[in-house]
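*Asks:* The structure is given below, and queries will be raised subsequently.
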Ligand code: FES
Ligand code: FES
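Residue numbers (our numbering), protein chains in the order written: chain A, 1 to 786; chain B, 1001 to 1165.
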């Protein structure tokens, strides 16, 4: 591709506008190995490196910390502890002041950073760190929430309660009641690129931190807070991450802060890159949950009332556990209407690493709770769970009924789950395969098959209202080329590409005229982290706003110069029609420049309509919902518990997709990650609070060979966002992750077959082969005992 | 004590002084030879991000001691393209969207080239997935990766046939 080729002034359409499939903007660099991640950047001369000293006990007082041997080790330039923090020794994102950069006086989890060695080489820093002599007075620790009391035990932040109607009365009056508990495991992000930051000191109080972070603004603010300088002294920049998944929303801040402290103290560049096992030990994960549920229902399987307690393992500090618990409650309905509901969260304190954002942010955990309840009801009334699901769906969009109010009192106005489920059941031949599976199971002694079709309804918006804003900066240079910058970060999801498509569309210029640039706090301030699936929604709108301002100036200029009304200035592909003549976009820009028209604009967007009153548990928490459904079939070996995912079909709604190729990748990847979470990815802590699964050898991430043997992913081609989102597209980052539930429920269905589908398997997650085997044996025993 | 070894890296014969005899091939590439296309995901042989070809065979460079490779021929992601023309496996990864964040991609591509050269993958996608399972993709781009490997294998086979004819 010749980048200097002049734009096609006769084109009927621009190359690379919205609703077209474009390759990832870095595709060529990714395959050529030239895409630069932070650890690939050339290091400034004299760059120092960091080795980090972690706590070797999970809970205890620091009696003495002797770092003399560390200091005198070869290559060591300095050792930093809490005493070296110039500002606040705190990187708490919630303002709770409970996340020290370096432990002070006590340690609260195994792997908590106590000190950092600053050395000439990384190896020197790492080996010196091992020479520390630290004495602890060990205290008893809590490592698991299963036996805690969610009402009484210590919580890290204020819990949430949602109430609509009178759940207790409805359950008491219901013809049938079931009460039980579910265990739901956490998940390590295992972003392939671990946490990394490179800090370069500047003049006076300035510092630039190149940080693999999803939230450059927050990283900036916390680094400033730790350094004790105003935010304007700190610049945070990131071009791309090698995966984030929520694990670099707040978890990047500590490394950034350590690098910045050392860089300022020594006037040299400092790089920190955690080793994989340090990363897995010392950084937060998806919250594991203990879910208590009680449901009342009728003979048909209509849910009449539900009561939930979502206890989540916050770890030692608040971090994002409050909002994660909230989002679990916001999704405890999944796609179902509960006539009466009461749901509570309990972010419980434990002596483990502080859990954090992970794609879905508690939402998937809420939905897994909802689906367990559906399973319970289905087994109790003896029906296929899919029937119970359909029976309890919210009313479809446009229906007159009352069955459309969520537990947080928001009306579901855009519900398309009926059509999605109907289309998927048809295309995946649910009914036909159900018969085939039954026949197979009747004739197969040890291998059993199972299938499940699970829906997803996912709320889009940050529940923290102030996060629903975004900024963008667009420059048009006087040759007509465009520079685009916004607050979102790129972690593989194609966000920059989508926003560039939006800008190209506004100006009606080919996509290759729009330059994608690194995210930096110096260009766009006070941005939300790239999270909550909001990246394209928010930043696309902000960039559109910026582009429209410039376009309007160009329009006014052209109208005046050529003496035509503004409605006769029309942006056509790579050109502009002014009255009855056409000139190239580049030419118009040049003329505008010569006439001193401002060709740069800052754009802004805030999501309309949303509001949320947490104390009352009421509000319009989400701008809209994204929908989808997945159908999975598995086979299990009832002698070993081993299983194979035979087939998965997914139908997912991304509205009028900005870029279907990118969105399909998100759906596939989200499903795989969700499947891993619910099946093989098991985090194990020992009785000393040490994480035993801190490497891929023990922590089982889905491999290519774990992918469903048959895997069909489609996007709805008929849906569009109900609200005026960016070109009526919908967010796609998180909503596909819970499609992994279809595998959990297919496993459950296969297990149920050993007891003739009469007993609810209550398969907890992750459904490892051991858990599947235990469930098979339990069901066999119960069936025999009956 | 300084040790020096001879390597042919991406076609270039190089003499490399090793100031530390324990340095891995991965660190040698990334930190001393500025070949940062090869990635470090785990540094313990469990993720495949660091895959390169040594004498045509795919290995995890984080496990290989540079000192033991005196005289070897090493190919990294930077050595695949022929000027502007991408290697068929690289082109196929673009064509089939075989990545998201791209961090595993150099390793996946090197592994795919090694796998195709081994010549026993056949055209069964399941077998390919099995033989590519040393390379984790946390973004879950396995669908595109498998399609890319299948297509590249075909392209390379055709090219070989043409060359032979
Ligand atoms: S870095 Fe070598 S296998 Fe992970
Ligand atoms: S593309 Fe991100 S790990 Fe494979």
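Note that the Cβ used here is the ideal one computed from N, Cα and C, for glycine as well.
1) Ignore the nearest five residues each way along the sequence and tell me which others in residue 1015 (chain B)'s own chain have a CB closer than 7 Å to its CB.
2) For my contact list, residue 691 (chain A) and residue 685 (chain A) are in at a C-beta cut-off of 8 Å; report their separation, rounded to the angstrom.
3) Going by DSSP, what residue range makes up the beta strand (DSSP E) through residue 1093 (chain B)?
4) Return yes when the C-beta of residue 1103 (chain B) is under 7 Å from any heavy atom of ligand 2, and no when it is not.
5) Can you check the stretch 135-173 of chain A for any beta strand (DSSP E) of at least 3 residues that lies completely inside it and give the ranges in chain order?
6) Cβ of residue 192 (chain A) versus every heavy atom of ligand 2: is any distance shorter than 7 Å?
7) List the endpoints of the continuous beta strand (DSSP E) containing residue 210 (chain A).
8) Is any beta-carbon of chain A found at less than 8 Å from that of residue 1058 (chain B)?
9) Is any beta-carbon of chain A found at less than 8 Å from that of residue 1044 (chain B)?
10) Might you give, ordered along the chain, the residues of its own chain that have their beta carbon closer than 6 Å to the beta carbon of residue 670 (chain A), omitting 5 neighbours on each side?
11) Give me the chain B residues within the contact set of residue 761 (chain A), using Cβ-Cβ distance strictly less than 9 Å, ordered along the chain.
12) What's the C-alpha gap between residue 581 (chain A) and residue 564 (chain A)?
13) Tell whether a beta-carbon distance below 8 Å holds between residue 305 (chain A) and residue 447 (chain A).
14) Closer than 8 Å, Cβ to any Cβ of chain B: which residues of the stretch 18-31 of chain A, in chain order?
15) So, is the C-beta of residue 1133 (chain B) closer than 8 Å to a C-beta in chain A?
16) List, in chain order, every chain B residue whose beta-carbon is nearer than 7 Å to that of residue 40 (chain A).
17) For residue 594 (chain A), count neighbouring C-beta atoms within 10 Å of its own C-beta (all shown protein chains included) and say buried if the count is 16 or more, exposed if not.
18) Could you name the residues, in chain order, whose CB is less than 6 Å away from a heavy atom belonging to ligand 1?
19) With DSSP run on the structure shown, which of helix, strand or coil describes residue 2 (chain A)?
20) Relative to the C-alpha of residue 469 (chain A), which residue among A:17, A:642, A:265 and A:538 is closest?
21) Helix, strand or coil for residue 736 (chain A) per DSSP?
22) At a Cβ cut of 7 Å, what residues of the stretch 483-496 of chain A count as close to chain B, listed as they run along the chain?
23) Residues in its own chain within less than 7 Å of residue 1082 (chain B) by CB, not counting five upstream and five downstream?
24) Of all Cβ atoms in chain B, is any one closer than 8 Å to the Cβ of residue 707 (chain A)?
25) So, residue 409 (chain A) versus residue 618 (chain A), is the Cβ gap smaller than 8 Å?
26) Since I believe residue 544 (chain A) is in contact with residue 502 (chain A) (beta carbons under 8 Å), could you give me their beta-carbon distance rounded to a whole number of angstroms?
27) Can you find a CB in chain A that lies within less than 8 Å of the CB of residue 1106 (chain B)?
28) Mind the definition here: the stretch 244-253 of chain A touches the stretch 66-76 of chain A only if three or more C-beta pairs lie below 8 Å; say whether that holds.
29) Per DSSP, which one or two residues make a beta bridge with residue 631 (chain A)?
30) Use the C-beta contact count for residue 615 (chain A): other C-beta atoms within 10 angstroms, 16 or more gives buried, fewer gives exposed.
31) Got a sec? Which residues, its chain only, sit under 7 Å from residue 808 (chain A) by beta carbon, not counting five neighbours each side?
32) What does residue 672 (chain A) touch in chain B if you count any residue whose Cβ is under 8 Å from its own?
33) Which whole-angstrom value is the C-beta distance of residue 162 (chain A) and residue 407 (chain A), which I expect to be below 8 Å?
34) Name the two residues that bound the continuous alpha helix (DSSP H) containing residue 677 (chain A).
35) Taking CB distances under 8 Å as the criterion, tell me whether residue 3 (chain A) reaches chain B.
36) Between the C-alpha atoms of residue 209 (chain A) and residue 223 (chain A), what's the straight-line distance to the nearest angstrom?
*Replies:* Taking the coordinates as given:
1) 1004 and 1006
2) The pair is a contact, with the Cβ atoms about 6 Å apart (cut-off 8 Å).
3) That residue, residue 1093 (chain B), is in no beta strand (DSSP E); its alpha helix (DSSP H) goes 1088-1095.
4) Under cutoff, so the answer is yes.
5) 161-164
6) yes
7) 207-211
8) no
9) yes
10) 736 and 737
11) Within chain B, no residue comes near residue 761 (chain A); the closest Cβ sits about 27 Å away, beyond 9 Å.
12) Going by the C-alpha atoms only, they are around 11 Å apart.
13) no
14) Residues passing the 8 Å Cβ filter: 23, 24, 26, 27, 28, 29, 30 and 31.
15) yes
16) Those are 1036, listed as they occur along chain B.
17) Residue 594 (chain A) counts as exposed, since fewer than 16 other C-beta atoms from the protein chains shown sit within 10 angstroms of its C-beta.
18) B:1040, B:1041, B:1042, B:1043, B:1045, B:1046, B:1047, B:1048, B:1049, B:1050, B:1060 and B:1062
19) Below a pLDDT of 50, predicted positions are generally treated as unreliable, and residue 2 (chain A), at 43, falls in that range; the measurement from the model is reported next regardless. Reduced to three states, the DSSP call for residue 2 (chain A) is coil.
20) A:538
21) Looking at residue 736 (chain A) - three-state DSSP - the assignment turns out to be coil, as it is neither helix nor strand.
22) 491, 492 and 493
23) none
24) yes
25) Between residue 409 (chain A) and residue 618 (chain A), the C-beta gap is smaller than 8 Å, which places the two residues in contact.
26) That pair is a contact at about 5 Å.
27) yes
28) no
29) In DSSP, residue 631 (chain A) forms a bridge with A:453 and A:649.
30) Flag for residue 615 (chain A) reads exposed.
31) Given a span of 1 to 786 for chain A in the structure shown, any question on residue 808 (chain A) remains unanswerable.
32) 1140 and 1142
33) 4 Å
34) 660-678
35) Only weak support is given to the placement of residue 3 (chain A): the predicted model assigns it a pLDDT of 48, under 50, and the question is left unresolved by the model.
36) 9 Å
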